[in-house]
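*Asks:* Note that UniProt numbering has the sequence shown beginning at 1, numbered continuously upward.
Backbone N, C-alpha and C fix where the C-beta goes; we use that ideal spot for every residue, glycine too.
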Amino acid sequence: MPDFSKRDTTPEMMDHEEVPYEEHRAVLRQLTRANELSLAYRPTLAFFRRLKRDGRWPKDRPLVVVDAASGYGDMSRKVDRWAQENGVEARFIGVDMNPRAARSAAEATPPGRPITWLTANLFDFRADFDVDIVMSSLFTHHLPGPELVRFIRWMEDTARIGWIINDLERHPLPYYFLKAAFFATRQHRFMRHDGPVSVASAFKREDWQRLLAEAGLAPGAASIEAWTPFRLCVTRVKGAAA
């Protein structure tokens, strides 16, 4: 049984084990379905709604959003659809260091959408244009503490308006629920292993408070918000009270 008082360091199989492309893509599709069932997109969509309500969009050009560690690209597609439906002109750049991510995300994206998929290390990504928002989903629990602090600083340096981290809360209930649910529904072995491991390597509020301080953010500069079921998200809007 994991010790939920601290982050687990067990590696995820999908981060290290090579499988054929078609199998890799199938796992990403299963993960997308799990995200849909667990209402994983709500915190990020709420963040964009808040920015729209507060009039934080650029006035003379499209909003530019970087999707950090974009994976299958489902979060970018969700926000793009929301933007379409709400009259927001936006373009998206998904950045992931796994070349299979760009390929699978491109295959899943309808033609003509303003989304570009890049294969690159995030910390090497330097845009020659203004980036307004950086968003990430289910990425930060993969990072050890020092890299996570570096990622927060990178977002702070990259995003003109703000950023959002959408990730899991470390808690025994989702750990054992995913363990049972993924086994019962015969999910891929990566899902059965990595789902519970993701929860065990995720965060509590005090983790984020410490990490934000280590990254140099002042108290109150970012908000830490719990979302049902068992999501813990961090949002930062520059020039606004948290």
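For Phe-129 and Leu-173, which I take to be in contact (beta-carbon distance under 8 Å), what is that distance rounded to the nearest angstrom?
*Replies:* Their Cβ separation, rounded to whole angstroms, is 43 Å, which puts Phe-129 and Leu-173 out of contact at 8 Å.
*Asks:* What would DSSP say about Glu-12, mapped onto helix, strand or coil?
*Replies:* coil
*Asks:* How far does the alpha helix (DSSP H) with Asp-207 in it extend, from its first residue to its last?
*Replies:* 205 to 214
*Asks:* Check for me: the beta strand (DSSP E) holding Ser-201 runs from which residue to which?
*Replies:* First-last for Ser-201: undefined, no H or E at that position.
*Asks:* Report the residue ranges of all alpha helix (DSSP H) runs contained in full by the UniProt domain "Methyltransferase" (65 to 156); include only those spanning at least 4 residues, in chain order.
*Replies:* 74 to 85, 99 to 108
*Asks:* With distances taken from CA atoms, which of Thr-109, Asp-54, Glu-169, Glu-18 is nearest Gly-162?
*Replies:* Asp-54
*Asks:* For the stretch 198 to 211 against the stretch 1 to 8, do three or more pairs of beta-carbon atoms, one drawn from each stretch, fall closer than 8 Å, so that the two count as touching?
*Replies:* yes
*Asks:* Just curious, the alpha helix (DSSP H) that Glu-22 is in, first and last residue?
*Replies:* 21 to 37
*Asks:* Helix, strand or coil: which one does DSSP assign to Thr-228?
*Replies:* In the structure shown, Thr-228 sits in coil (DSSP, three-state: anything other than H, G, I, E or B).
*Asks:* So, with DSSP's three-state summary, where would you put Ala-221?
*Replies:* coil
*Asks:* Here's the rule I'm using: 16 or more other beta-carbon atoms within 10 Å means buried, otherwise exposed. How should Leu-232 be labelled?
*Replies:* buried
*Asks:* For a quick check, are the C-beta atoms of Ala-127 and Asp-96 less than 9 Å apart?
*Replies:* no
*Asks:* Within 8 Å, do at least three Cβ pairs link the stretch 86 to 105 to the stretch 59 to 70?
*Replies:* yes
*Asks:* Between the C-alpha atoms of Trp-208 and Ala-226, what's the straight-line distance to the nearest angstrom?
*Replies:* 12 Å
*Asks:* Report yes if the CB atom of Arg-81 is closer than 9 Å to the CB atom of Thr-109, and no otherwise.
*Replies:* For Arg-81 and Thr-109, no; Cβs fall outside 9 Å.
*Asks:* Have a look at Val-131 and Asn-35 and give me their C-alpha separation to the nearest angstrom.
*Replies:* 26 Å
*Asks:* Measuring alpha carbon to alpha carbon, tell me which of Met-13, Gly-220, Pro-146 ends up nearest Arg-192.
*Replies:* Residue Met-13 is the option with its Cα nearest to Arg-192.
*Asks:* Here's the rule I'm using: 16 or more other beta-carbon atoms within 10 Å means buried, otherwise exposed. How should Pro-219 be labelled?
*Replies:* exposed
*Asks:* Roughly how many angstroms separate the alpha carbons of Tyr-21 and Arg-100, rounded to a whole number?
*Replies:* 7 Å
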